[in-house]
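Data block below; observations after.
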Amino acid sequence: MLAATLLASAALPAQVTPNCSSCAVWNTPQAPFRIYGNTYYVGTRGLTALLITSSDGHVLIDGGLSESAPLIAASIRALGFRLEDIRAIVNSHVHYDHAGGLAELQRLSGGEVFASSRSAPVLVRGTVGRDDPQYAIAFPIAAVARVRPIPAGDSVRVGDLTLHALATAGHTPGGTSWTWRSCDGHRCLSLVYGDSQSAISADDFLFTKSADYPRALEDFAAGFAALEQVRCDILLTPHPDASAMWDRLAKREGGARDALRDSSACRRYAETARRALDKRVSAERAKMP
5 MLAATLLASA ALPAQVTPNC SSCAVWNTPQ APFRIYGNTY YVGTRGLTAL LITSSDGHVL
65 IDGGLSESAP LIAASIRALG FRLEDIRAIV NSHVHYDHAG GLAELQRLSG GEVFASSRSA
125 PVLVRGTVGR DDPQYAIAFP IAAVARVRPI PAGDSVRVGD LTLHALATAG HTPGGTSWTW
185 RSCDGHRCLS LVYGDSQSAI SADDFLFTKS ADYPRALEDF AAGFAALEQV RCDILLTPHP
245 DASAMWDRLA KREGGARDAL RDSSACRRYA ETARRALDKR VSAERAKMP
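Sequential numbering from 5 applies to the sequence shown in our numbering.
If you want it as structure tokens, here you go:
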């Protein structure tokens, strides 16, 4: 019922992503909910957006598609928070399904957008570079007016909120995961927004032999290692299905209070991605003369 209300109340203009066969399903409205402590899910059914709140202002992670922006805005308001209190918007990676709504959400909130040093110029330009594995098939996004580059290992702070940037490139050259702490009373957990780790590309891109992105395999390896080592009580991902969000949420709603918590989730996420990358690399090398 709330999802229908959100759809009806999302009266803001939204440009539809052209020729995107998955976008309508990804953008299915999803009622917002608390993940843990001051961390809330405000994305759509297929694309994660997170709101982390404090008395000094909030942080929003990712913006979905361009047409997701009004749904995200409506979800934030439905939880009782003001868009104008968003001080920072951080991005995982620059593809249209996670960065498409950033410009509109920045306009609505006035929040400053933060992204990795490799991602920031892409967001300002609105188009990915030739070093992106999906360069030949990526849709453009609305250019973001102001983006502050964040070096790997640096942090974004809003009041008592601190989000740490973790370099997890490979899926894109500037891919970034984010880590922070959320508390419920005296019980604090480490949350990780693990960026996409899939080796998806245009048909003509080779991860094993790219002049435009020669460090792709090294970046993947470093990102896998980082995810395996980070403290991780709750894993969240840009596509919620990649971390079994809906299965875990159903278990929690069925009475399993800690169903979202899994201290091995980040390690298994990296292991699964590494196996998939190994298959991709083997397939590429098998075709080499």
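Ideal Cβ placement from N, Cα and C applies to all residues, glycine included. Please read these numbers as outputs of a predicted model, since none were measured by experiment.
**Report entry** Residue environment, C187, which counts as buried when at least 16 other CB atoms sit within 10 Å
**Finding:** Taking the sequence shown and counting its residues from 1, the one referred to as residue 187 is at position 183. C187 is exposed by the Cβ-count criterion.
Requested in this report: Return the CA-CA distance between A274 and A280, expressed in angstroms with no decimal places.
Outcome: Walking along the sequence shown from the start, residue 274 turns up at place 270. Walking along the sequence shown from the start, residue 280 turns up at place 276. Using only the alpha carbons, I get a separation of about 10 Å.
Query raised in the report: Cα separation between A140 and S205?
Result: The sequence position of residue 140 within the sequence shown is 136, counting from 1. The sequence position of residue 205 within the sequence shown is 201, counting from 1. When rounded, the distance between both Cα atoms is 8 Å.
Query raised in the report: So who's on the other strand from F37, going by DSSP bridges?
Result: Position 33 of the sequence shown, counting from 1, holds the residue named residue 37. The partner list for F37 (beta bridge, DSSP) reads Y45.
Requested in this report: Closer than 7 Å by C-beta to P36: which residues in its own chain qualify, once you throw out the five before and the five after it? Chain order, please.
Outcome: In the sequence shown, counting from the first residue as 1, residue 36 sits at position 32. The residues are Y44, Y45, V46, S79, A82 and L83.
Query raised in the report: With a CB to CB cut of under 8 Å and the five nearest residues on each side skipped, what residues in its chain are close to S132?
Result: As a position in the sequence shown, residue 132 is number 128, starting the count at 1. It should be pointed out that residue 132 corresponds to Val in this sequence rather than to Ser. For V132, where only same-chain residues beyond five positions count, the Cβ hits under 8 Å are V98, H99, V126, Q138, Y139, A142 and T176.
Query raised in the report: Who are the Cβ neighbours of S96 in its own chain at under 8 Å, not counting the five residues just before and after it?
Result: Within the sequence shown, residue 96 is the residue found at index 92, counting from 1. Result list for S96: I65, D66, H102, G179, T180, S181, W182, Y197, D199, S200 and P242, in chain order.
Requested in this report: Starting from S194, follow its DSSP beta bridges and name the residues at the other end.
Outcome: Numbered from its first residue, the sequence shown carries residue 194 at position 190. For S194, which the question treats as bridged, DSSP gives the partners R185.
Requested in this report: Give the range of the beta strand (DSSP E) segment to which E116 is assigned.
Outcome: Taking the first residue of the sequence shown as 1, we reach residue 116 at position 112. From DSSP, the beta strand (DSSP E) with E116 extends over E116 to S120.
**Report entry** DSSP state of G227 mapped onto helix, strand, coil
**Finding:** Counted from its first residue, the sequence shown places residue 227 at position 223. Of the three classes helix, strand and coil, the one that applies to G227 here is helix, per DSSP.
Report task. Within the region 136 to 174, note down every full beta strand (DSSP E) run reaching 3 residues or more, in order along the chain. Result -> 151 to 154, 159 to 162 and 165 to 171
Requested in this report: Please report how far the alpha carbon of G61 lies from the alpha carbon of A287, in whole angstroms.
Outcome: Translated into the one-based positions of the sequence shown, residue 61 becomes position 57. Translated into the one-based positions of the sequence shown, residue 287 becomes position 283. In a straight line, the C-alpha of G61 is about 48 Å away from that of A287.
Query raised in the report: So, is N42 buried or exposed, given that buried needs 16 or more other C-beta atoms within 10 angstroms?
Result: What you label residue 42 is simply residue 38 of the sequence shown in a count that begins at 1. Flag for N42 reads buried.
Report task. Using beta-carbon positions only, say whether F211 and L195 come within less than 8 Å of one another. Result -> Numbered from 1 along the sequence shown, position 207 holds the residue referred to as residue 211. Numbered from 1 along the sequence shown, position 191 holds the residue referred to as residue 195. In this structure, L195 does not lie closer than 8 Å to F211 by Cβ.
Report task. State the Cα-Cα distance for the pair R111 and A290, rounded to the nearest angstrom. Result -> The residue labelled residue 111 in the question sits at position 107 within the sequence shown. The residue labelled residue 290 in the question sits at position 286 within the sequence shown. Each residue's alpha carbon lies about 48 Å from the other.
**Report entry** Rounded distance between the beta-carbons of L165 and V63, thought under 8 Å
**Finding:** Locating residue 63 in the sequence shown gives position 59, where the first residue counts as 1. Locating residue 165 in the sequence shown gives position 161, where the first residue counts as 1. That belief holds up - the Cβ atoms of V63 and L165 are roughly 6 Å apart, short of 8 Å.
Query raised in the report: Can you check whether the CB of A146 is closer than 8 Å to the CB of G130?
Result: As a working note, residue 130 is residue 126 in the sequence shown. As a working note, residue 146 is residue 142 in the sequence shown. Yes, these two residues count as a Cβ contact at 8 Å.
**Report entry** Of the listed residues Y40, S25 and G50, nearest to A248 (C-alpha basis)
**Finding:** Reading the sequence shown from its first residue, position 244 is the one you call residue 248. That would be G50, whose Cα lies nearest to the Cα of A248.
Query raised in the report: Along the chain, where does the beta strand (DSSP E) that runs through V94 open and close?
Result: The residue labelled residue 94 in the question sits at position 90 within the sequence shown. Looking at the DSSP string, the run of the beta strand (DSSP E) that includes V94 is I90 to V94.
**Report entry** Paired residues, beta bridge with T180 - DSSP
**Finding:** On the sequence shown, residue 180 is found 176 positions in, with the first residue counted as 1. A171.
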